[in-house]
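Visitor: Protein sequences appear in the order of chains A and B.
Each residue of the first sequence is one higher than the last, beginning at 1 in the numbering used here.
Each residue of the second sequence is one higher than the last, beginning at 1001 in the numbering used here.
By construction, the Cβ of each residue, glycine as well, lies at the ideal position given by its N, Cα and C atoms.
The structure under discussion is supplied below as structure tokens; questions concerning it will follow.
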Amino acid sequence: MTTVGFDPGAIGRGPSAPGTLDPGAFDPGAAAGRATDAILHDTLHGTERGVVVDSPPGAGKSTLVVRAALELAEAGRPLMVVAQTNAQVDDLVLRLAEKNPELPVGRLHSSDADAYDKALDALPQVRTSAKAGDLAGLPVVLSTAAKWAHVKVDEPWRHAIVDEAYQMRSDSLLAVAGLFERALFVGDPGQLDPFAIVGSEQWAGLSYDPSASAVSTLLAHNPGLPQHRLPVSWRLPASAAPLVSDAFYPFTPFRSGTGPGDRRLAFAVPSDGSGPDRVIDEAAASGWGLLELPARHTPRTDPEAVRAVAAVVRRLLDRGGAAVSERSPDPAPLTADRIAVGTAHRDQAAAVRAALADLGVRDVTVDTANRLQGREYDVTVVLHPLSGRPDATAFHLETGRLCVLASRHRHACVVVCREGVGTLLDDYPSTEPVQLGTLVKFPDGWEANHTVLAHLAEHRVSWRP
Amino acid sequence: MSLIETLARLEAVGSGRAQPGATVRHRHVSGRPLVFVPLTTAGETGAPLGALVGTERDAPRLLVVPQPRDRDLRFAFLAELADVVLPYIDGYADLVEAAERSETDPETGKRVKVETELCADAPQIVVPSRTGLDHVRLLGRSTRFRRTAEQDPETPYPAPPRVPLLGRWLTHYGERSRVPGSSLLLAATDLLSRHWATGQSGLEDQHLGALLAWIDPPDGGSGAEAARRAELARDEAGQLLCPPAGPATDPAFDNKLLAPAFERYDRARTALAAAEDGPAADDRLAELTTAEREIRDLVLGATLPTWDAVWQGLDLLRALPEGAHVEERWTRDRWSFTGHRDRVTAGEPPQPRRDDAVTAANKLATREREQSRLDAQESLDDPLVMAGRRLNGEAFAGEVTEVVMAYSEGRRPSPRPLVTVRTDDRPHLAAGTRVYRSLNGKPQAAEFVAREEPDDGTDAWHLVLRIVDRMGRGKEPEAGSVPEKGDTLCWTLFEHEQRGGAKLPDPEETPWTHGGPPGEPAPEAPDAVTEEDVL
């Protein structure tokens, strides 16, 4: 499940920007439309070899990619699209097919079994192959960066779109950059940075540090490239956009596309007064809820916290939730596929899955921040990365991790956490060694964590299970 | 820290003794390693103060820089070090065996096998601690660009003849030590803490004396107490009983003993230079010799306990049987050694100061592949390591309870037997997840199909797997290629062998996103002489 498509132009014209259209007020549809037009203009008519687009969570990144791909194809420019995972590639192919069923599209895939989504086989205009030669001449060819790296061409593509470019590693761009003449790079700078499983300090500070993000290398060598920003998050509700913007994008603020009353979450079954029910009501009313368990140092798979997460999910389903949003006038039932649980580690996700199975809950997505990137749900339940920890490592403090977890929801986010994270943060100020020549990233994880924690404290429900 | 390591450390705290972290030795330990215990002077990064170095545990060679700020004395030290290290390295360069290597044929572009030679063994350098590795790297960096008088008669401060070559070898060893699982250059603390879990933190484990005290406490007492003594105990003069493994020295040693000794040495040197006649000079030379001997004794006193500790650590490691894949990884080290030997022989210039974009990306890719390979091989070699992976949900072991023959669909049906494994582990499986077992040393893959829950009154999981390969080409699987009921097997969720990554462009084809081609390779200029160099 990924972001549902929208048409920035249509929103500007349509009735969905609700009752706040007094002159001079911020019109999200118009602002997004202007940004999109400028990006497409630079992409199609600009003189630079690259265009960079920063997109906050849920700002219509994929929609932009699809639209740019269609316009480039229409202009007769052979296009390759580079995404980071097979799921992302398949999703883009499906969206392209939906927008223009006439356009022949090539899906280059690996030779593994189940290399691509079998839904593509049902589309007559999509040709799939493990060999780039079979797809030659098609107006658009899509694949993952890993697969593109094995492709050899005599004549480079005239144009490329690189999706999730901030999650792509510099060395991975190095392997594919010879395949295209110019490219549109789209991504979210606030999400998780790419990582290496071995130390890479020896290259820190080099403009082409292979473990850095593709965009940082690109801009270090080509500082004059036009950079754009999508200004409106269509996913995040009015209750979440200001916090996420302040905490993770303080220098490039964005707004929510909807106003305070446009999204509502209501439950048919009243609260039974338990911690999970109280935090659900708090989150439904304010968009945020913090279920705080007593302070304690625990192993990563803290059984109490895991059970608390599962209990919140169980009650979300049992209480007959209904979500009202700008998408439809009628309330949509809050079903299992509209709820996700986010954790920092895979073993935590596995523990939550087991706890949910014990409560008879299936079909709720439970995954780590890395895998939740780019996805969207109505309600998310997050196990706080620092909950129960005796120390705060760089991994757990990483800005992008918290940003991903706190920006997947359209309606409400419930965070489950042990008491004492504030003190833990104060005990562990950032002490990463300073590397000469590297760009210091602001805000750091320490500060972002404090900002989020301070906000969550206003929506705290203390609970002793 | 993994759950099993946390448990081992808790048990170490409880028992006061280090607990095994491995049942086999996961690194190659040479029969004749070169042990190198360097010391540096406080105040100037990487300024050598002295070292104990050698291949015989009862005959270390003591090298001392009696005045570390004197560049001539530093060069003399480096020349002496080269006299020990280079003959040791050369001793391995000529003993070769025939080998094959894949190369890309420049004409056809195809991969072809080329006959070549591979050094039969490789020299191994062991330093006490991780900071010792950095020091080796730093020595390499500070010497490989020096010019000798023979290379450049104009150079104002020529280096002794073999010092730049020493720098190139130390650089190669320092760089190789960053490759996971490599054994050309090892730190004793890393080696020991890989194989034992102590009741202290990873940071404290970098104190070689304390680490050894946990593993092998003197007179069999409590390791925790012995470690505390090793770290903190001082004599009545305020000096540590167990000097730190270096290269940095204890500040009390620097202030109370070393600084006054330097001062006496400097005074004696000034006096000697000012001597007016022969007899006076003789007296003052004797004073200088005495002052120098004092410093030598101090350096010896600060390095000898570490020297013994390194050898004690090597003894402990040698007592463990070698892991099954260690030999294979050591062969890669031998290739690395042979490759550098060839580059030196071919007269190539020293390693550049900075990697270019393509070299950096290639190194990172290699190291990531080696890390995955090391993780997989250590697990396969060692049931204790595998237990950690099982506890993590990355592997599971159990008994085969049922085998049902099945076939794939299609024109030529192939065997796809369904195997049910009963396990008490809790692997993180989803439908279609690939799992692997070792079959005659090769990985056999299966797909996870489903988890059955027969009511047998236990918590065990019954996992149905579909075997997908290594059963031969025929319709019926080859004998022994399908598990049988009653077999006890261990399956992993991680792959046993690593695929090679994509080929990166050549450096001269570096794309515009990475700054374009670096241009014609120019030999690197020697390091410029700075004010600090002529203090």
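T217 of chain A versus chain B: which residues are under 9 angstroms apart at the beta carbon?
Guide: A1357, T1513, H1514 and G1515
Visitor: H1172 of chain B lies in the beta strand (DSSP E); which residues open and close that run?
Guide: Unbroken run through H1172 of chain B is the alpha helix (DSSP H), V1163 to R1176; no beta strand (DSSP E).
Visitor: Give the residues from the segment 333-360 of chain A that approach chain B closer than 9 angstroms (Cβ to any Cβ), ordered along the chain.
Guide: R346, D347, A349, A350, R353 and A354
Visitor: Taking its Cβ as the centre, do 16 or more other Cβ atoms sit within 10 Å of T1045 of chain B, making it buried, or is it exposed?
Guide: exposed
Visitor: For a test of the three-state rule: what should DSSP assign to T144 of chain A, helix, strand or coil?
Guide: strand
Visitor: Mind checking whether L1317 of chain B and V1029 of chain B have CB atoms under 8 angstroms apart?
Guide: L1317 of chain B places its beta carbon less than 8 angstroms from that of V1029 of chain B.
Visitor: Compare the beta carbon distance of D193 of chain A and G400 of chain A with 8 angstroms and say whether it is the shorter of the two.
Guide: Going by C-beta atoms, D193 of chain A is nearer than 8 angstroms to G400 of chain A.
Visitor: Going by the beta-carbon positions, is the gap between T252 of chain A and R229 of chain A smaller than 8 angstroms?
Guide: yes
Visitor: Ignoring anything shorter than 4 residues, give me the alpha helix (DSSP H) runs that lie fully in the segment 1286-1334 of chain B, in order along the chain.
Guide: Those alpha helix (DSSP H) runs which fall completely within the segment 1286-1334 of chain B and span 4+ residues do not exist here.
Visitor: Quick one: what's H159 of chain A bridged to in DSSP?
Guide: H159 of chain A pairs with A:L79 and A:R182.
Visitor: Quick test of the definition: if touching needs 3 or more C-beta pairs under 8 angstroms, does the segment 1173-1184 of chain B touch the segment 444-454 of chain A?
Guide: No, because fewer than three Cβ pairs between the segment 1173-1184 of chain B and the segment 444-454 of chain A fall closer than 8 angstroms, the two stretches do not touch.
Visitor: Which same chain residues end up closer than 8 angstroms to P1164 of chain B when comparing Cβ atoms and leaving out the 5 residues on each side of it in sequence?
Guide: T1143, R1144, F1145, R1146, R1147, T1148, Q1151 and P1350
Visitor: Hey, is H221 of chain A's beta-carbon within less than 8 angstroms of any beta-carbon in chain B?
Guide: yes
Visitor: What residues in the segment 170-185 of chain A bring their beta carbon closer than 7 angstroms to a beta carbon of chain B?
Guide: D171, L173, L174, A175, A177 and G178
Visitor: Would you say P1180 of chain B lies against chain A (beta-carbon separation less than 8 angstroms)?
Guide: yes
Visitor: Identify every residue that forms a DSSP beta bridge with Q88 of chain A.
Guide: Its beta-bridge partners do not exist; DSSP assigns none.
Visitor: Using a Cβ cut-off of 8 angstroms, pull out every chain A residue sitting near E1368 of chain B, in sequence order please.
Guide: A196, I197 and V198
Visitor: Please say whether V176 of chain A and L79 of chain A have beta carbons closer to each other than 8 angstroms?
Guide: no
Visitor: Could you confirm whether any beta carbon from chain A is found closer than 8 angstroms to the beta carbon of L1184 of chain B?
Guide: no
Visitor: When you compare only the Cα positions, how much space is there between V1468 of chain B and E155 of chain A?
Guide: Distance between the alpha carbons of V1468 of chain B and E155 of chain A: 39 angstroms.
Visitor: Alpha carbon to alpha carbon, how far is A204 of chain A from A394 of chain A?
Guide: 16 angstroms
Visitor: Can you name the residues of chain E whose CB is closer than 8 angstroms to the CB of E1107 of chain B?
Guide: Chain labels in this structure do not include chain E; the protein chains are A and B.
Visitor: Just mark R1284 of chain B as buried or exposed, buried being the case when its beta carbon has 16 or more other beta carbons within 10 Å.
Guide: buried
Visitor: Answer with yes or no whether the minimum CB distance from P1443 of chain B to chain A is below 8 angstroms.
Guide: Cβ-Cβ to chain A under 8 angstroms: no for P1443 of chain B.
Visitor: Is Q1200 of chain B near the ligand ATP, judged by its Cβ being under 7 angstroms from some heavy atom?
Guide: Questions concerning the ligand ATP fall outside what the structure shown contains, since it holds no ligand whatsoever.
Visitor: Report the option in B:Q1206, B:E1287 and B:G1132 whose CA atom is closest to the CA atom of L1272 of chain B.
Guide: B:E1287
Visitor: Measure from the C-beta of P210 of chain A to each C-beta in chain B and report whether the shortest distance is under 8 angstroms.
Guide: yes
Visitor: Contact between the segment 1032-1052 of chain B and the segment 313-327 of chain A: three or more CB pairs below 8 angstroms?
Guide: no
Visitor: Taking Cβ to Cβ, would you say L1166 of chain B is nearer than 8 angstroms to L1081 of chain B?
Guide: yes
Visitor: Is the Cβ of L79 of chain A closer than 8 angstroms to any Cβ of chain B?
Guide: no
Visitor: Check whether chain B comes within 8 angstroms of W203 of chain A, counting only Cβ atoms and requiring the distance to be less than that.
Guide: yes
Visitor: Counting only beta-carbon atoms, is A1360 of chain B nearer than 8 angstroms to chain A?
Guide: At least one chain A Cβ lies under 8 angstroms of A1360 of chain B.
Visitor: For H1496 of chain B, decide whether its Cβ has a neighbour in chain A, counting only Cβ atoms nearer than 8 angstroms.
Guide: no
Visitor: Within the continuous beta strand (DSSP E) that includes Q1398 of chain B, where are the two ends?
Guide: Here residue 1398 of chain B is Gly; the residue named in the question, Gln, does not match the sequence. A1395 to V1404 is the extent of the beta strand (DSSP E) around G1398 of chain B.
Visitor: Going by the CB atoms, is the gap between A68 of chain A and L184 of chain A shorter than 8 angstroms?
Guide: yes
Visitor: Take the Cβ of T1530 of chain B as the centre, count every other Cβ of all protein chains shown within 10 Å, and call the residue buried at 16 or more, exposed below.
Guide: exposed
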